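Novice: Under full-length UniProt numbering, residue 239 is the last one in the sequence shown; the count climbs by one each step, no gaps.
Where is the CB? At the ideal position from N, CA and C, for every residue including glycine.
Every value quoted in this text rests on a predicted model; they were computed, and no experiment measured them.
What follows is a structure written as structure tokens; I'll ask about it next.
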Amino acid sequence: MTANHAGTKTGNLPPAARVLVIDDDPHLLKALRITLAAHGYAVDTAVDGASALAAASRQAPDLLVLDLGLPDMDGTEVLRNLRRWSAAPVLVLSARHGSPDKVGALDAGADDYITKPFGLDELLARLRALLRRVPEPESRPVVSSAGFTVDLVARQVLRAGQPVRLTPTEWNILEILVRNPSRLISQQQLLSEVWGPSYRKEVNYLRVYMAQLRRKLEEDPGNPRHLLTEAGAGYRFVP
Numbered sequence: 001m002t003a004n005h006a007g008t009k010t011g012n013l014p015p016a017a018r019v020l021v022i023d024d025d026p027h028l029l030k031a032l033r034i035t036l037a038a039h040g041y042a043v044d045t046a047v048d049g050a051s052a053l054a055a056a057s058r059q060a061p062d063l064l065v066l067d068l069g070l071p072d073m074d075g076t077e078v079l080r081n082l083r084r085w086s087a088a089p090v091l092v093l094s095a096r097h098g099s100p101d102k103v104g105a106l107d108a109g110a111d112d113y114i115t116k117p118f119g120l121d122e123l124l125a126r127l128r129a130l131l132r133r134v135p136e137p138e139s140r141p142v143v144s145s146a147g148f149t150v151d152l153v154a155r156q157v158l159r160a161g162q163p164v165r166l167t168p169t170e171w172n173i174l175e176i177l178v179r180n181p182s183r184l185i186s187q188q189q190l191l192s193e194v195w196g197p198s199y200r201k202e203v204n205y206l207r208v209y210m211a212q213l214r215r216k217l218e219e220d221p222g223n224p225r226h227l228l229t230e231a232g233a234g235y236r237f238v239p
């Protein structure tokens with residue numbers, strides 16, 4: 001793996017946003033490394049799935065650019081492994097134009113998809129859009145609602161001034177919801193991020209844990225005010 005660190009800033013990019021580019025085409029990899037560095041990114045590269053996962057675990061990227069056709073494993077397998085521990089946005093790029101490939105990549109955890117050949121301006125625009133969805137680190141360290149307060153840095157929940165004991169799984173679900181206030185988070189996204197992609201159909205898990213969270217945090221668990229269910233779709237935190 002090679003790394004290149006940018007020295008310029010442009011547009012709305014946060015300083016030194018780190019991108020991991022994974023592709024086995026050395027010419028494309030070099031072109032992307034040079035282009036992204038010139039646009040203010042710190043760039044790491046990997047030529048196969050194993051080195052990509054190792055690189056992402058050593059130095060967490062802000063986002064990833066992932067080719068599906070890798071020599072050692074399919075890109076969707078890389079995605080499934082990555083999603084067990086990382087929520088970083090992933091832009092898939094591939095020469096595969098078929099809808100099933102796009103659906104498979106998105107179901108495995110991709111955030112966006114672009115087919116080869118592509119224009120660099122479009123690629124850069126898509127990366128900027130993905131970065132805008134990522135909250136600034138500790139930009140909202142404390143999230144308050146009328147019923148309880150969540151300290152994301154201390155990983156603590158207070159209700160009526162008293163700490164609430166949550167299990168690790170309960171905390172993981174709550175953290176995803178409160179980091180996205182008023183946004184619908186799908187059942188599949190929660191299951192994939194908390195338990196892993198192989199659990200995307202286990203909706204009963206969510207029902208059990210959401211019921212536990214409501215008992216601990218809602219004044220009236222049977223008529224919740226903050227942890228809402230969108231039937232058949234997902235859950236939403238309303239401050």
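Can you name, in chain order, every residue of its own chain whose Cβ lies under 6 angstroms from the Cβ of valine 178, other than the five neighbours on each side?
Specialist: Within the sequence shown, residue 178 is the residue found at index 178, counting from 1. Excluding positions up to five away in sequence, the list reads Val143, Val150 and Phe237.
Novice: With H, G and I counted as helix, E and B as strand and the rest as coil, what does DSSP make of leucine 152?
Specialist: The sequence position of residue 152 within the sequence shown is 152, counting from 1. Three-state DSSP puts leucine 152 in coil, outside helix and strand.
Novice: Could you tell me the alpha carbon to alpha carbon distance between aspartate 48 and aspartate 72, rounded to whole angstroms?
Specialist: What you label residue 48 is simply residue 48 of the sequence shown in a count that begins at 1. What you label residue 72 is simply residue 72 of the sequence shown in a count that begins at 1. Computed Cα separation, rounded: 6 angstroms.
Novice: Rounded C-beta distance between glycine 147 and glutamate 219? I'm assuming under 8 angstroms.
Specialist: Here the question's residue 147 lines up with position 147 in the sequence shown. Here the question's residue 219 lines up with position 219 in the sequence shown. Their Cβ separation, rounded to whole angstroms, is 6 angstroms, which keeps glycine 147 and glutamate 219 in contact under 8 angstroms.
Novice: What does aspartate 67 pair with, by DSSP beta-bridge criteria?
Specialist: Counted from its first residue, the sequence shown places residue 67 at position 67. Aspartate 67 pairs with Leu93.
Novice: Roughly how many whole angstroms lie between the Cα atoms of methionine 32 and leucine 91?
Specialist: Numbered from its first residue, the sequence shown carries residue 32 at position 32. Numbered from its first residue, the sequence shown carries residue 91 at position 91. A small correction: the amino acid at residue 32 is leucine; methionine does not occupy that position in the sequence shown. Those two C-alpha atoms are separated by around 13 angstroms.
Novice: Give the single residue among Arg84, Lys216, Ala95 and Leu152 whose Cα lies nearest to the Cα of residue 250.
Specialist: Lying before the first or after the last residue shown, residue 250 is absent from the chain, which here runs from 1 to 239.
Novice: Among residues of its own chain, excluding the 5 on either side of serine 139, which ones have a beta-carbon nearer than 7 angstroms to its beta-carbon?
Specialist: Taking the sequence shown and counting its residues from 1, the one referred to as residue 139 is at position 139. Note that serine 139 has pLDDT 47, beneath the 50 cutoff, so the model's placement of it is unreliable and no number is given.
Novice: What's the gap between the Cα of valine 43 and the Cα of arginine 126?
Specialist: Looking up residue 43 in the sequence shown gives position 43. Looking up residue 126 in the sequence shown gives position 126. Between valine 43 and arginine 126, the C-alpha separation is close to 16 angstroms.
Novice: Quick check: what's the CA-CA separation for aspartate 62 versus tyrosine 205?
Specialist: In the sequence shown, the residue the question calls residue 62 occupies position 62. In the sequence shown, the residue the question calls residue 205 occupies position 205. So the alpha carbons of these two residues sit roughly 29 angstroms apart.
Novice: When you compare the CB positions of alanine 60 and serine 99, do they come within less than 8 angstroms of one another, or not?
Specialist: Along the sequence shown, read from residue 1 onward, the residue named residue 60 stands at position 60. Along the sequence shown, read from residue 1 onward, the residue named residue 99 stands at position 99. Taking 8 angstroms as the Cβ cut-off, alanine 60 and serine 99 do not qualify as a contacting pair.
Novice: Would you check if the distance between the CB atom of serine 192 and the CB atom of glycine 104 is smaller than 8 angstroms?
Specialist: Residue 192 sits at position 192 when you count from the first residue of the sequence shown. Residue 104 sits at position 104 when you count from the first residue of the sequence shown. Not a contact, by the Cβ cut-off of 8 angstroms.
Novice: Got a sec? Which residues, its chain only, sit under 6 angstroms from aspartate 74 by beta carbon, not counting five neighbours each side?
Specialist: Locating residue 74 in the sequence shown gives position 74, where the first residue counts as 1. The answer is none, since no qualifying residue turns up.
Novice: Restricting to Cα atoms, I'd like to know which of Leu82, Gly196, Gln156 and Gln162 is closest to leucine 174.
Specialist: As a first step, residue 174 must be located in the sequence shown, where it is residue number 174. Of the candidates Leu82, Gly196, Gln156 and Gln162, the one whose C-alpha sits nearest the C-alpha of leucine 174 is Gln156.
Novice: Using the C-alpha atoms, what's the distance from leucine 28 back to alanine 55?
Specialist: Here residue 55 is taken as the residue at index 55 of the sequence shown, counted from 1. Here residue 28 is taken as the residue at index 28 of the sequence shown, counted from 1. Cα-Cα distance, rounded: 19 angstroms.
Novice: Where does glycine 232 land, buried or exposed, given buried means 16+ other C-beta within 10 angstroms?
Specialist: What you label residue 232 is simply residue 232 of the sequence shown in a count that begins at 1. Label assigned to glycine 232: exposed.
Novice: Excluding the 5 residues preceding and the 5 following proline 239 in the sequence, name in chain order all residues of the same chain whose CB lies nearer than 8 angstroms to its CB.
Specialist: Start at 1 with the first residue of the sequence shown, and residue 239 comes out as number 239. Taken in chain order, the residues that qualify are Val143, Ser144, Ser145, Ala146, Pro181, Ser182 and His226.
Novice: So, for leucine 124: in the same chain, excluding its five sequence neighbours on each side, which residues have a beta-carbon less than 7 angstroms away from its beta-carbon?
Specialist: Along the sequence shown, read from residue 1 onward, the residue named residue 124 stands at position 124. Closer than 7 angstroms at Cβ, skipping near neighbours: His39.
Novice: Going by the CB atoms, is the gap between glycine 234 and leucine 166 shorter than 8 angstroms?
Specialist: As a first step, residue 166 is located in the sequence shown; it is residue number 166 there, counting from the start. As a first step, residue 234 is located in the sequence shown; it is residue number 234 there, counting from the start. No; because the gap between Cβ atoms is not below 8 angstroms, this pair is not in contact.
Novice: Serine 186 by DSSP, collapsed to three states: which one?
Specialist: For the purposes of this step, residue 186 is taken as residue 186 along the sequence shown, with counting starting at 1. It is a strand residue.
Novice: Go to aspartate 107, then tell me how far its alpha helix (DSSP H) extends in each direction, as first and last residue.
Specialist: Position 107 of the sequence shown, counted from the start, is the residue given in the question as residue 107. 99-108 is the span of the alpha helix (DSSP H), which, as asked, contains aspartate 107.
Novice: State yes or no: is the C-beta of leucine 131 within less than 8 angstroms of the C-beta of alanine 211?
Specialist: If you number the sequence shown from 1, residue 131 lands on position 131. If you number the sequence shown from 1, residue 211 lands on position 211. No. Outside cutoff.
Novice: Is valine 208 buried or exposed, if buried means 16 or more other CB atoms sit within 10 Å of its CB?
Specialist: The sequence position of residue 208 within the sequence shown is 208, counting from 1. With fewer than 16 other Cβ atoms within 10 Å, it is exposed.
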